[in-house]
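Residue numbers (this note's numbering): 39 to 518. Just so you know, even glycine gets a beta-carbon here, dropped at the ideal spot from N, CA and C. Heads up, the thing below is written out as structure tokens.
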RNA sequence: GUCCCCUUCGUCUAGUGGUUAGGACCCAGGAUUUUCGAUCCUGCAACAGGGGUUCGACUCCCCUAGGGGACGCCA
């Protein structure tokens, strides 16, 4: 049974990079019919919060990633929150101390920092100097009486650690480059490198899929596995997602949280599809892939080793594709909150659907809806711009519109068919056609060069209102 | 500074010794269109550099350069 896990730290919103890690874990679990476990790594008391945990869970659910065991639903390997497993870590750390593979360290942050800076200044790799390795009982007592609380460090033995990563391939590390690292902080909480090993082992995680930034942590963890006699899992370090400058995705690259994209109106299936395309490709070469296809095609072999740049343009394209191919009912429903926010209320759902449908094919993301269908709520001919106005004042435009007004003024029951017939007449009589013929009408009606198709506006406004607006605009700007 | 990873069009990628180096996004042009867009078609554009190995290297090896990551009582 394949068991994989996603283990976020609840210190903020779900990050795009973490979301991708979650997706890959989930795809792997579903592909192999294994179990997907959610574990909360909240050992940093200061930075972790329940709000973050809740928002991460909410985003994961929105993406459609369901887990088989987790803090909210339990499971037989629980608890699934590290803050609730403190005694476990302390017991294991105690065992390590008994084995002589861990020891108390009384160094203060300041002392450690000073050593570090000195190493860096002398261009030496910063490494713990084992100041507390051979402390006598006297010295320990003295430190304690000074009010120092010890942390616990793992004793690193020299040697070569190598393993075969499912993505990175064969990797080897020399432990001389690794200092004795802290496994238990002075507040009694475990550090990441310690907790992750204990939990992954106890929760019987069989494949550890995580970001490539953890690759150099792996030898530390393998030492722990070995000393503790735990069964080693397989490792799969997936390439990181970067911004345009090649550095890991961060705030300065723009939106980095799933929440932000969610709010902007990106579709979850588009996000999963796009993120799965980063550092991975289908054997078929296709890029539009359903969740089912992604599960079916998941394979470590097709995950590339190089980092990928997050490209918002391609994401927009893909999201637009999904919007275009979703039902008008769904899109309309999803658009409602954005319209409400702008005060665009439409009682009749049929009309609203028509409005949304008139621009549905042009959206990158849903929140664009309000500006796109603004034309139906404002008389935009009243706020016409300079460029638009000068186009309207060209002789062709004047001719088209004056003819239009003249022909239409005496028609009692104006209809859509009538509208078409009148335009045809104008075309025949003046010889003006195409853009020159229709743009004046569009401008007079909407005040803008672009917008929904004219027929669709006509359909929503109705022939009479359409006519009235055009005549008004003509009278206002072109009468003399 | 030390260690680890990476390097094909601007971006995401295909490619596992012999290909006109393919696709997608972007961009440009055309078609269509009652605007923009959407759609269809066409085009632009890449093997980081240098050594090997080989009859033959994008592909295998080494070096250099560049990028990224780790070296925290953050995860």
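Asked, Found
"Considering only DSSP beta bridges, list what residue 202 is partnered with.", "208"
"Could you say if the segment 122-129 and the segment 165-174 meet the contact criterion of at least three C-beta pairs nearer than 8 Å?", "no"
"Let me check understanding here. Comparing Cα to Cα, which of 67, 172, 466, 442 lies closest to residue 43?", "67"
"Ordered along the chain, which non-local residues of its own chain (more than five positions away) have a Cβ less than 7 Å from that of residue 153?", "167"
"Quick check: what's the CA-CA separation for residue 273 versus residue 76?", "17 Å"
"Any heavy atom of the ligand SAM within a distance shorter than 6 Å of the CB on residue 281?", "Questions concerning the ligand SAM fall outside what the structure shown contains, since it holds no ligand whatsoever."
"Would you identify the three-state DSSP class for residue 108, choosing helix, strand or coil?", "strand"
"Give the C-beta separation of residue 490 and residue 453 to the nearest angstrom, bearing in mind that I take them to be a contact with Cβ-Cβ under 8 Å.", "That belief does not hold up - the Cβ atoms of residue 490 and residue 453 are roughly 20 Å apart, past 8 Å."
"Check whether the Cβ atoms of residue 422 and residue 485 lie closer than 7 Å to each other.", "yes"
"Taking residue 249 as part of the beta strand (DSSP E), name the residues at either end of that continuous run.", "245-249"
"From residue 400 to residue 312, what does the alpha carbon distance come to, in whole angstroms?", "19 Å"
"In angstroms, rounded to a whole number, what distance separates the CA positions of residue 324 and residue 270?", "36 Å"
"Note down the Cα distance separating residue 391 from residue 353, rounded to an integer number of angstroms.", "25 Å"
"Kindly indicate which residue of 109, 416, 115, 189 has the alpha-carbon position closest to the one of residue 140.", "189"
"So, residue 74 versus residue 100, is the Cβ gap smaller than 7 Å?", "no"
"Within this structure, are the beta carbons of residue 53 and residue 295 separated by less than 7 Å?", "yes"
"With a cut-off of 8 Å, do at least 3 Cβ pairs link the segment 440-448 to the segment 401-415?", "no"
"For the beta strand (DSSP E) holding residue 142, just list the boundary residues, first then last.", "140-143"
"For residue 487, does the count of other Cβ atoms within 10 angstroms reach 16, so buried, or fall short, so exposed?", "exposed"
"With burial defined as no fewer than 16 other Cβ atoms inside 10 Å of the residue's Cβ, what is the status of residue 91: buried or exposed?", "buried"
"Is it buried or exposed for residue 326, if we count other Cβ within 10 angstroms and need 16 for buried?", "exposed"
"How far does the beta strand (DSSP E) with residue 222 in it extend, from its first residue to its last?", "220-222"
"Does DSSP put residue 45 in a helix, in a strand, or in coil?", "coil"
"Given a cut-off of 7 Å on the beta-carbon distance, is the pair residue 276 and residue 62 in contact?", "yes"
"Give the single residue among 481, 455, 460 whose Cα lies nearest to the Cα of residue 425.", "481"
"Our contact map puts residue 405 next to residue 376 with C-beta atoms below 8 Å; I'd like the distance itself, whole angstroms only.", "5 Å"
"What is the DSSP secondary structure of residue 401, reduced to helix, strand or coil?", "coil"
"In the structure shown, what three-state DSSP assignment does residue 57 receive?", "helix"
"What separation, rounded to the nearest whole angstrom, lies between the Cα atoms of residue 268 and residue 298?", "40 Å"
"Take the Cβ of residue 493 as the centre, count every other Cβ of all protein chains shown within 10 Å, and call the residue buried at 16 or more, exposed below.", "exposed"
"So the beta strand (DSSP E) residue 73 belongs to, where does it begin and stop?", "73-76"
"For residue 389, which residues from the same chain have a beta carbon less than 7 Å from its beta carbon, with the 5 sequence-adjacent residues on both sides left out?", "498"
"What are the boundary residues of the beta strand (DSSP E) that residue 272 is part of?", "272-276"
"Are the CB atoms of residue 291 and residue 303 within a distance shorter than 7 Å?", "no"
"Output the distance between the C-alpha atoms of residue 301 and residue 348, rounded to the nearest integer angstrom.", "18 Å"
"Who are residue 119's beta bridge partners in DSSP?", "78"
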